[in-house]
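In the working numbering, the protein residues as written are 147 to 678. Virtual Cβ for every residue (Gly too), placed ideally from N, Cα, C. Written below as structure tokens is the structure these notes are about.
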Amino acid sequence: MSRLEVGKPSLFLSEPLITVGQPLSLLSAILKSCYGPAGRLKQLHNGVGGYVCLTSQSSAILARLSVSHPVLKVLTASVQNHVSRFSDCGLFTAILCCSLIENFKNLNIASSTVIKISQHLLSLCTDYLKSEACGCRVSVDFSNLETLLCLVRSVLTSKPACMLNKREVDHLAVLIIKAFMFTVPCHPETKPVLGKCVTVPVKGRRVLDSAVIPGLLIETPEIQFAKTFSVKRISDTVKIAVFCVSMSGDLFDPEEGTITVHHGISLEMSELTQLLNVGKQLVNDEVGLVVCQKVIHPSLKQYLRDNHVIAVDRAGLSVMEPLSQMTGSKPIASIYSLSPSCYGSLKDVCTKSFASKHFVHLIPNDTVVCSLLLCNRNETTWDELKICCLPASISKDLDCSQTQYQLVADAFCHSLESVACSLSHDDREILTDTAYAHCWLVPSGFPSVSNWSDLLSKCGCGINSSTENLNWRLLRPLFGSPPTESCPKEPSVKVAEFMTLDCFAAKYNGLQVAVETVSLILDLSCIIEDQN
147 MSRLEVGKPS LFLSEPLITV GQPLSLLSAI LKSCYGPAGR LKQLHNGVGG
197 YVCLTSQSSA ILARLSVSHP VLKVLTASVQ NHVSRFSDCG LFTAILCCSL
247 IENFKNLNIA SSTVIKISQH LLSLCTDYLK SEACGCRVSV DFSNLETLLC
297 LVRSVLTSKP ACMLNKREVD HLAVLIIKAF MFTVPCHPET KPVLGKCVTV
347 PVKGRRVLDS AVIPGLLIET PEIQFAKTFS VKRISDTVKI AVFCVSMSGD
397 LFDPEEGTIT VHHGISLEMS ELTQLLNVGK QLVNDEVGLV VCQKVIHPSL
447 KQYLRDNHVI AVDRAGLSVM EPLSQMTGSK PIASIYSLSP SCYGSLKDVC
497 TKSFASKHFV HLIPNDTVVC SLLLCNRNET TWDELKICCL PASISKDLDC
547 SQTQYQLVAD AFCHSLESVA CSLSHDDREI LTDTAYAHCW LVPSGFPSVS
597 NWSDLLSKCG CGINSSTENL NWRLLRPLFG SPPTESCPKE PSVKVAEFMT
647 LDCFAAKYNG LQVAVETVSL ILDLSCIIED QN
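Structure representation (structure tokens):
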């Protein structure tokens, strides 16, 4: 008999916020150093070597950082969930979480009171951000795509590990906007639905070789197609059948149960006969293209080719939804019931070769699906490229004193300012104007008593200029600073050609996630962790 080991007792941790101080500060420092267009790169690898990741993105950092403290596990899981939904503003959310926890835990106020006040402050922020008076948003004019280009450029230039020069950034920005416009429906509907953009990785090629192709590219590595081939057409369209079930002829898994067959019956031949019957029906229904998510039996594939039907297998799950949306087909889930109503149609089918890869190019009647051929020099830079915003009765309603409300509100504001201060990585002073509440980076080497109007030309995002008579204040959240007298007003100047922008929806959700996560962490009184 093997020896039985005595189980370790569960770990009981009371007041977890008391012990989280040092690891929280370390995590905050790592994230702050990566934040903003001038963020620093991090080289991550495990303690015994292995794969090395060079990145400044929150999704890669949080996935590879080993955190042991339960509070940090909650924090990182919450931020990763936000990034999985919005693919942006992960660093903003994580830094704000850390700053809120650091500021709130130093207040001598009950956690329940801090949570109520912070939730109220969050509602004030979100109400303002959703209002027409909000000066944090920049409207998008689809007749002039310069604003969208600025947004895409901002995202690309904030990822230094992509190693892109200005020409490459401009090229990719145009392609991404073009791909987005392809997904906008051509015909207005009651409830319009955006199409899909499928990213096709091509590593080892120049970034400038990247391209956007209308329609869908399905890689076919095992087949060398000719440049031209005949395909069945009906009224200038190609009929397509899409299968989401395996057509390989494999038998049932023995673990699924016992199968009883008569003597002399071959299950393999029976399955192949059924597949060939499906092939005959497809030929009789004048189907020109068959796409299977999984594997097609070689005999069926050869039969279809002999009858001028293109057969593509191993398409994968990722293309099923855009394929159905583009062609109007319904994925067929059984080889024993085949309805012609499941067929879809295409404008044309051809082949394309790019680098060492070969594709079948499905050209739709209406372009709502496109393929983005995304190139970069090596695997590391390509991975980084892929992974590319009170009345006195308040205190009575919240059941807190005016002093408590003021303390929590100050900590809340200082946390937001701490995120803004993370944009500076060279000990440069950061100013904010009292009119628009925008950040202004002071050039290095100038004292704090300088005439700011002579030193500053544009704000951090590039929207406002210092030609107006603006008043500035130093942004130093650790020491407190006088607040802006009123809500920021809208910019009075025209939108600049080159701006630094963030996705509003991602920033908005990041703010909510940060406050909700901190509220959850503040509410923790003890943690029980299984040590076995």
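For residue i, the three-state DSSP class (helix, strand or coil)
i	result
D382	coil
M393	strand
P347	strand
N522	strand
Y551	helix
S517	strand
S483	coil
E467	helix
I261	helix
I255	coil
S233	coil
S568	coil
A279	coil
Q658	helix
G425	helix
V441	coil
M645	coil
The alpha helix (DSSP H) enclosing residue i, as first and last residue numbers
i	result
R299	E292 to T303
F328	K312 to F328
K503	Run containing K503: none in the alpha helix (DSSP H); it sits in the beta strand (DSSP E), K503 to I509.
L354	Looking at the DSSP string, L354 is not in any alpha helix (DSSP H), and its letter there is neither H nor E.
L170	G167 to C180
T239	G236 to F250
L450	P444 to D452
Given residue i as reference, the closest of the options once Cα atoms are compared
i	options	result
Q203	R186, L218, Y551 and N453	R186
T239	V298, L291, L173 and C199	L173
S205	V217, Q226 and L218	Q226
S475	R523, V384 and S502	V384
I509	F288, V388, S491 and V565	S491
G606	R619, A566, L616 and S245	A566
R352	R313, L469, F250 and C521	C521
S245	L177, L275 and K312	L177
Y482	E417, A555, S300 and V213	E417
G608	L620, H584, N617 and L616	H584
S561	A319, A256, L267 and D273	L267
D512	R299, N249 and C332	C332
Y551	L221, H215 and A256	A256
C271	H507, L218, S611 and C559	C559
Y654	L242, L208 and T201	L242
S450	T497, I386, F505 and V229	In the sequence on display, residue 450 carries Leu and not Ser. For L450, the nearest C-alpha among the options comes from I386.
E662	Y274, K604, S269 and W528	S269
DSSP bridge partner residues for residue i (one or two, in chain order)
i	result
R619	T578
C605	BP columns for C605 are empty, so no partner.
G490	I386
Q189	L200
I478	F389
D287	N290
T497	V506
E365	F505
S611	K604
K342	V515
Close beta carbons around residue i, own chain, < 6 Å, minus the five adjacent residues each side
i	result
I442	M393, A457 and D459
P486	D431
A461	I364, V437 and Q439
V358	L321, K324, A325, C516 and L518
D579	L616 and W618
L297	L647
E314	V353
L340	T329
I478	F389 and C488
Boundaries of the beta strand (DSSP E) in which residue i is found, first to last residue
i	result
V458	I456 to V458
P360	A357 to P360
C585	C585 to L587
V436	L435 to C438
Cutoff 7 Å; reference residue i; Cβ partners in own chain excluding five residues on either side
i	result
G480	The sequence given here places Ser at residue 480; Gly does not occur at that position. Result list for S480: V391, in chain order.
K342	T329, E467, P468, Q471 and V515
R210	L190 and C199
Y197	H191
D494	V384 and I509
Cut-off 8 Å between Cβ atoms - residues of its own chain near residue i, not counting five sequence neighbours on either side
i	result
V424	M393, L446, I481 and L484
Any chain B beta carbon closer than 8 Å to residue i
i	result
K219	No chain B is part of this structure, which consists of one protein chain only.
Residue i beta carbon near the ligand PLP (any heavy atom closer than 7 Å)
i	result
V213	With respect to the ligand PLP, the structure offers nothing, as it holds no ligand at all.
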